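Visitor: My questions all concern the structure below.
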Amino acid sequence: MTTVNDDKLFRKVMLRVLPLAMLGFFLSYLDRVNIGYAQETMSADLGFSYAVYGLGAGLFFVGYFIFEIPSNLILARVGARKWIARIMITWGIISGLMFFVNSEWLFYLLRFLLGVAEAGFIPGILFYMASWFPPSRRGRAWGIFYIALASSGLIGGPVSGVILANMDGIGGHAGWQWLFFIEAIPTVLLGIVILFVLQEDYRTVKWLKPVEKDRLGALLAAEAPAGGHTPLRQVFKSKLIWMLTAVYFSYNFALYGISFWLPNLVGELGFAGPIAIGFISAIPSLAAIVSMVTFGFLSDRAGERKKFIAAAFVLSAIGFALCIVAGTSNPVLGVIGLSLANAGALSIPAIFWSFQTSMLAGTALAGGIALINSTGNLAGFAAPYLIGAVKDSLGSATVALYITGGIMLLGAVLVLTIKRSGRVPREDDVTPVAGIGSDAAPDAASELRPQAGRAR
1 MTTVNDDKLF RKVMLRVLPL AMLGFFLSYL DRVNIGYAQE TMSADLGFSY AVYGLGAGLF
61 FVGYFIFEIP SNLILARVGA RKWIARIMIT WGIISGLMFF VNSEWLFYLL RFLLGVAEAG
121 FIPGILFYMA SWFPPSRRGR AWGIFYIALA SSGLIGGPVS GVILANMDGI GGHAGWQWLF
181 FIEAIPTVLL GIVILFVLQE DYRTVKWLKP VEKDRLGALL AAEAPAGGHT PLRQVFKSKL
241 IWMLTAVYFS YNFALYGISF WLPNLVGELG FAGPIAIGFI SAIPSLAAIV SMVTFGFLSD
301 RAGERKKFIA AAFVLSAIGF ALCIVAGTSN PVLGVIGLSL ANAGALSIPA IFWSFQTSML
361 AGTALAGGIA LINSTGNLAG FAAPYLIGAV KDSLGSATVA LYITGGIMLL GAVLVLTIKR
421 SGRVPREDDV TPVAGIGSDA APDAASELRP QAGRAR
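Residue 55 in UniProt numbering sits at position 55 of the sequence shown; the count goes up by one each step and never skips.
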């Protein structure tokens with residue numbers, strides 16, 4: 001009997017599954033937040049106030065919220081390949097149409113439609129990845145996957161700055177128009193590629209040997225939530241799910257407060273010019289890449305989730321506090337503060353989803369991810385609009401940074417109060433689905449379960 005080395009097996013899975021998913025995530029986030037780099041010149045050209053910009057930036061999440069759960073349930077029915085391709089192609093087209101914005105109402109409409117188009121992508125990718133990685137392996141896998149989110153700032157910031165500086169006036173159009181158009185093209189092209197090459201089921205791929213497929217299926221079954229499927233109705237009634245949603249809302253408040261306003265905040269520290277701001281804005285993203293990989297690795301090794309999530313919340317709160325204290329008097333400390341705030345915030349989601357997806361199975365896994373992600377993402381509406389309104393009223397975002405830091409501390413408290421005993425009820429009479437939603441026999445599960453402690 002051939003023995004399969006689990007570490008080598010999952011390295012192979014990562015090399016095959018993660019690159020395409022990461023590239024899609026990179027482009028989705030770039031198209032979502034490149035408006036932050038366009039904000040200054042676009043607002044000047046069109047006469048938008050900070051509040052108008054903040055509202056438009058946030059309206060993305062209203063469309064996202066309304067259509068996220070239906071979108072992810074459709075994905076669970078028709079498959080990841082077709083639905084993720086559809087999502088990417090439509091959102092790429094709408095993002096490119098931002099080129100034609102000439103009024104507040106068209107700005108609002110396209111931002112709303114962009115959210116509608118993208119709804120379901122991230123939870124769909126997470127649902128897809130859950131069929132390849134058991135809970136004990138998800139911290140590292142998603143820690144690497146979420147590098148794409150930080151990389152969109154690391155690479156997207158300088159690239160956006162160069163486009164704004166060098167394309168302004170080309171063809172009689174502004175640099176911010178070219179920014180939206182140019183950065184939409186790769187998204188549409190990748191959507192077409194995904195339609196033809198995304199591999200959905202480990203049982204049908206050719207790059208795994210039969211014995212590796214058996215081992216992967218056994219590990220997925222051994223670590224599946226006990227007791228069969230979680231009925232979808234229980235997801236909506238679960239106090240645990242709503243507590244997780246509140247935690248995710250806290251994380252997103254910081255994430256999108258930083259993402260949509262980072263170039264502006266960097267400008268307030270005394271840096272000027274699109275290229276300089278683009279490159280300085282990349283520093284917090286670089287810090288986040290180091291932090292998120294470190295947190296994911298340590299969390300998996302310790303078999304612990306809650307304490308690491310709480311620690312990341314606290315790190316982000318410290319960063320916001322440092323940014324406030326530094327103010328405009330010390331730009332270096334200000335950038336360090338933004339880096340810590342971003343590093344802490346971006347270290348949360350990979351561990352958070354590892355924690356959450358270990359509690360659900362089957363259709364409820366898709367529905368639970370979508371409910372938490374869509375509702376928690378409403379912070380993406382609240383945070384940009386709050387910062388914009390505060391800047392219009394007070395001329396500075398300091399008060400909004402105080403609020404954001406406080407919400408991060410609240411997130412740390414909330415996650416520490418979650419108890420494993422509060423898991424969502426299940427129905428034992430529902431037939432399990434092979435893979436992510438099935439249960440191995442008790443004796444098999446005990447033999448297959450990894451030596452490291454289960455994530456708590």
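Ideal placement from N, C-alpha and C gives every residue a C-beta, glycine not left out.
As the structure is a prediction and not an experimental result, all values here were calculated from the model.
Identify, in the order they occur along the chain, each residue of the same chain with its Cβ nearer than 6 Å to the Cβ of Pro123, setting aside the five sequence neighbours on each side.
Guide: Translated into the one-based positions of the sequence shown, residue 123 becomes position 123. Within the same chain, Pro123 has close Cβ partners Asn72, Ile369, Ala370 and Asn373.
Visitor: Less than 7 Å between C-beta atoms, sequence neighbours within five positions excluded: which residues of the same chain meet that for Ser292?
Guide: As a working note, residue 292 is residue 292 in the sequence shown. As written in the sequence, residue 292 is Met, which differs from the Ser given in the question. Result list for Met292: Gly143, Tyr146, Ile147, Ala150, Leu346, Ser347 and Ala350, in chain order.
Visitor: Between which two residues does the alpha helix (DSSP H) holding Gln199 run?
Guide: Within the sequence shown, the letter at position 199 stands for residue 199. Here Gln199 belongs to no alpha helix (DSSP H), and DSSP marks it neither H nor E.
Visitor: Among the residues of its own chain, which have a CB less than 6 Å from the CB of Leu106, if the five just before and after it don't count?
Guide: On the sequence shown, residue 106 is found 106 positions in, with the first residue counted as 1. Result list for Leu106: empty, nothing under 6 Å.
Visitor: For Thr41, does the three-state DSSP call read helix, strand or coil?
Guide: Mapped onto the sequence shown, residue 41 falls at position 41. DSSP places Thr41 in helix when its eight states are reduced to three.
Visitor: Are the stretch 287-305 and the stretch 333-343 in contact at 8 Å, needing three or more beta carbon pairs?
Guide: Yes: at least three Cβ pairs fall under 8 Å.
Visitor: In this structure, does DSSP put Trp91 in helix, strand or coil?
Guide: For the purposes of this step, residue 91 is taken as residue 91 along the sequence shown, with counting starting at 1. Trp91: helix per DSSP, three-state reduction.
Visitor: Which full runs of the alpha helix (DSSP H) of 4+ residues lie inside the stretch 236-305, going along the chain?
Guide: If we require 4 residues or more, the alpha helix (DSSP H) runs fully inside the stretch 236-305 come out as 239-268 and 274-302.
Visitor: Output the distance between the C-alpha atoms of Asp300 and Met129, rounded to the nearest integer angstrom.
Guide: Taking the sequence shown and counting its residues from 1, one reaches residue 300 at position 300. Taking the sequence shown and counting its residues from 1, one reaches residue 129 at position 129. Distance between the alpha carbons of Asp300 and Met129: 16 Å.
Visitor: Can you confirm whether the stretch 331-338 touches the stretch 258-270 when touching is taken to mean that 3 or more C-beta pairs between the two stretches lie within less than 8 Å?
Guide: Because the criterion of three Cβ pairs below 8 Å is met, the stretch 258-270 and the stretch 331-338 touch.
Visitor: Give the range of the alpha helix (DSSP H) segment to which Ala69 is assigned.
Guide: By 1-based counting over the sequence shown, the position of residue 69 is 69. Ala is not the amino acid found at residue 69; the sequence shown has Ile there. Start and end: Tyr50 to Val78.
Visitor: Report the three-state DSSP secondary structure of Thr398 (helix, strand or coil).
Guide: Within the sequence shown, the letter at position 398 stands for residue 398. Looking at Thr398 - three-state DSSP - the assignment turns out to be helix.
Visitor: How many angstroms separate the CA atom of Pro158 from the CA atom of Leu414?
Guide: Working through the sequence shown from its first residue, we reach residue 158 at position 158. Working through the sequence shown from its first residue, we reach residue 414 at position 414. Computed Cα separation, rounded: 36 Å.
Visitor: Would you report the Cα separation of Met408 and Thr294, rounded to the nearest angstrom?
Guide: Indexing the sequence shown from 1 puts residue 408 at position 408. Indexing the sequence shown from 1 puts residue 294 at position 294. Roughly 20 Å separates the two Cα atoms.
Visitor: State buried or exposed for Leu244, treating a residue as buried only when at least 16 other CB atoms are found within 10 Å of its CB.
Guide: Here residue 244 refers to the residue found at position 244 of the sequence shown. Buried, because 16 or more other Cβ atoms sit within 10 Å of the Cβ of Leu244.
Visitor: Do three or more CB pairs link the stretch 83-101 to the stretch 246-260 at distances below 8 Å?
Guide: With a cut-off of 8 Å, the stretch 246-260 and the stretch 83-101 do not count as touching, because too few Cβ pairs lie within range.
Visitor: Rounded to a whole number of angstroms, what is the C-alpha to C-alpha distance between Gly16 and Tyr402?
Guide: Indexing the sequence shown from 1 puts residue 16 at position 16. Indexing the sequence shown from 1 puts residue 402 at position 402. Before going further, note that residue 16 is Arg rather than Gly in the sequence given. In a straight line, the C-alpha of Arg16 is about 42 Å away from that of Tyr402.
Visitor: Could you spell out where the alpha helix (DSSP H) holding Val4 opens and where it closes?
Guide: Your numbering for residue 4 matches position 4 in the sequence shown. That residue, Val4, is in no alpha helix (DSSP H); it is neither H nor E in DSSP.
Visitor: Using a 10 Å radius around the Cβ and a threshold of 16 neighbouring Cβ atoms, would you call Asp170 buried or exposed?
Guide: In the sequence shown, the residue the question calls residue 170 occupies position 170. The sequence as given places Ile at residue 170; Asp does not occur at that position. With fewer than 16 other Cβ atoms within 10 Å, it is exposed.
Visitor: Output the distance between the C-alpha atoms of Gly58 and Val162, rounded to the nearest integer angstrom.
Guide: By 1-based counting over the sequence shown, the position of residue 58 is 58. By 1-based counting over the sequence shown, the position of residue 162 is 162. Roughly 25 Å between the two C-alpha positions.
Visitor: Would you kindly work out how many angstroms separate the C-alpha atoms of Ile418 and Ser136, rounded to a whole number?
Guide: What you label residue 418 is simply residue 418 of the sequence shown in a count that begins at 1. What you label residue 136 is simply residue 136 of the sequence shown in a count that begins at 1. If you take the alpha carbons of Ile418 and Ser136, they lie about 19 Å apart.
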